[in-house]
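Contents: one structure, followed by commentary.
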Amino acid sequence: MFDNDALKQSIKDGYLLNDIAFFLEHGLVELWPKKETVIDREQGTIRWKDKVIKYDHIIDGDYEVPNLPEIVVGEGSLKRKYEYDCRNNFMGMIPKELRNVYFIGLMRPTTGGLNNITEMQCLLTHKMVTDPRFNDEINGTLEKRIEKYNKHYYHSEQRTPADHLVPYGFYTDDIAQLLKIDTRLSDCRSVKDVIIHYIFPNAAFKFRQSGPYKVEGAKEMVQQIYKNHMGFLFLIGGLLTYVLLQLTGYAAVVTAYYQQWIPLIAVPLLLVAVLLNPVAMFASWLVGDSLLNWSILGGLNVILVVGLGLTAVYKNPLIPIAVLVGAFALTYIVHWLGWSRPPFHDLSNKKSPKFRDFFKRYCATFREAFLER
7 MFDNDALKQS IKDGYLLNDI AFFLEHGLVE LWPKKETVID REQGTIRWKD KVIKYDHIID
67 GDYEVPNLPE IVVGEGSLKR KYEYDCRNNF MGMIPKELRN VYFIGLMRPT TGGLNNITEM
127 QCLLTHKMVT DPRFNDEING TLEKRIEKYN KHYYHSEQRT PADHLVPYGF YTDDIAQLLK
187 IDTRLSDCRS VKDVIIHYIF PNAAFKFRQS GPYKVEGAKE MVQQIYKNHM GFLFLIGGLL
247 TYVLLQLTGY AAVVTAYYQQ WIPLIAVPLL LVAVLLNPVA MFASWLVGDS LLNWSILGGL
307 NVILVVGLGL TAVYKNPLIP IAVLVGAFAL TYIVHWLGWS RPPFHDLSNK KSPKFRDFFK
367 RYCATFREAF LER
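Counting with the working numbering, you get residues 7 to 379 for the letters of the sequence shown.
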């Protein structure tokens with residue numbers, strides 16, 4: 007995108023290369039294990055094994071801590087300083103020890119989406135402040151709600167410094183349900199509505215297309231995003247491929263038992279193996295967003311459907327097995343030819359000469375831009 011005559015201006019505008027995968031692949035950056043690294047702050051050195059480097063500045067990474075003003079709870083001799091504990095707050099923002107106090111912005115997404123979390127928290131706060139009946143309903147069952155929330159979001163009772171991290175899509179949807187502004191399947195009137203309900207990200211504006219917190223233009227924006235992404239066909243195609251691959255695997259196990267190829271005791275074990283196998287997910291997400299790859303994915307889905315149909319008719323386990331082998335072989339070939347989207351952590355494309363050439367041009371151009379400051 008930026009490899010053109012305007013590269014220098016793009017750098018001046020703040021578009022800087024931050025390709026950590028490329029840096030790691032070519033040895034431009036080294037990762038040292040924290041537990042084995044010794045930092046000598048007096049000498050200004052960092053040592054790992056036989057490697058020692060001097061540093062000018064060091065930035066210590068740490069967990070996020072809420073920057074709250076001092077809050078005192080209790081009365082008389084029972085007064086004490088309030089300490090924020092995410093698990094003692096409903097949705098991480100309504101404390102059980104404080105009344106009419108709401109913590110906005112302390113919950114963080116595990117990925118992107120902080121603005122959506124904060125916006126939904128603001129809507130919940132508005133509802134708590136302006137609707138006395140809703141406020142009484144929440145506070146009247148606050149202990150039970152906090153307990154239910156903690157069971158839903160945490161797999162362990164042990165508190166951690168990362169308790170404030172949540173999957174933003176689930177979190178925003180939970181608040182939307184609480185406010186009764188969530189999208190419902192019963193409200194869908196077309197296939198498009200169903201796709202938007204299940205596939206469209208749970209951004210805050212998705213829940214503001216109608217209802218008490220409706221925003222003008224939100225519905226049109228959702229429709230435009232749906233159109234720009236071609237109805238999420240690539241995503242749906244990948245999901246369909248995964249489902250068909252799993253069904254084909256189940257069909258192979260069932261027909262193998264039907265033909266007495268395997269004993270009954272092996273059936274549940276093989277079904278679990280099919281359920282947990284990572285290959286189907288790998289194959290379903292490998293295809294990239296292009297017409298060529300969409301054609302390949304569509305063809306693969308047709309083959310899988312035909313294979314399932316033939317398996318139902320002939321009840322021969324060789325059919326689903328052959329289809330699975332063919333599907334995985336096609337996946338490998340497409341990836342080998344470079345027609346597919348690489349899976350996460352696949353750095354093979356970083357070895358391409360064009361990346362190295364661009365990096366050389368980028369470094370030279372960056373130096374020029376830096377000197378012209």
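Don't be surprised by glycine CBs; every beta carbon is placed ideally from N, CA and C.
Residue i - partner residues in DSSP beta bridges
i, result
"I52", "I45, I59"
"H79", "As written in the sequence, residue 79 is Val, which differs from the His given in the question. DSSP output for V79 lists R86 as bridge partner(s)."
"L239", "L239 is not bridged to any residue."
"V260", "According to DSSP, which records beta bridges pairwise, V260 is partnered with nothing at all."
"P101", "N95"
"P359", "Beta-bridge pairing links P359 to no other residue."
"P115", "V172"
Cβ neighbour criterion (16 or more within 10 Å) applied to residue i
i, result
"Y21", "exposed"
"K85", "exposed"
"N121", "exposed"
"H158", "exposed"
"L270", "exposed"
"E168", "Correcting the residue identity first, residue 168 is Ala in this sequence and not Glu. A168 comes out exposed."
"Y204", "exposed"
"Y338", "exposed"
"L275", "exposed"
"I45", "exposed"
"E125", "buried"
DSSP state of residue i mapped onto helix, strand, coil
i, result
"V71", "coil"
"N95", "strand"
"D172", "Correcting the residue type first, residue 172 is Val in the shown sequence and not Asp. Strand."
"I202", "helix"
"R195", "coil"
"A12", "coil"
"D179", "helix"
"Y219", "coil"
"W342", "helix"
"H161", "coil"
"N24", "coil"
"I302", "helix"
"Q265", "coil"
"P323", "coil"
"R373", "helix"
Beta carbon of residue i nearer than 7 Å to that of residue j
i, j, result
"Q127", "I110", "yes"
"N156", "R93", "yes"
"I52", "I59", "yes"
"A182", "F213", "yes"
"K102", "L171", "no"
"E42", "W54", "yes"
"D9", "F364", "yes"
"L112", "P72", "yes"
"F28", "K356", "yes"
"F372", "I17", "yes"
"Y88", "I100", "no"
"G243", "L191", "no"
Three or more C-beta pairs below 8 Å linking the region 18-35 and the region 120-135 = No, they do not touch.
ask   = Is it a yes or a no for the region 249-260 touching the region 230-238, going by three-plus beta-carbon pairs under 8 Å?
value = The answer is no - the region 230-238 does not touch the region 249-260, with fewer than three Cβ pairs under 8 Å.
Segment contact flag, the region 298-312 with the region 324-343, C-beta cutoff 8 Å, min 3 pairs = Flag = yes, the region 298-312 and the region 324-343 touch.
ask   = Is the region 320-329 touching the region 261-279, taking contact as three or more C-beta pairs under 8 Å?
value = Touching, yes, given that three or more Cβ pairs across the two stretches are closer than 8 Å.
inquiry  = Three or more C-beta pairs under 8 Å: does that hold for the region 167-183 against the region 205-217?
reply    = Three or more beta-carbon pairs drawn from the region 167-183 and the region 205-217 are found closer than 8 Å, and the two stretches are therefore classed as touching.
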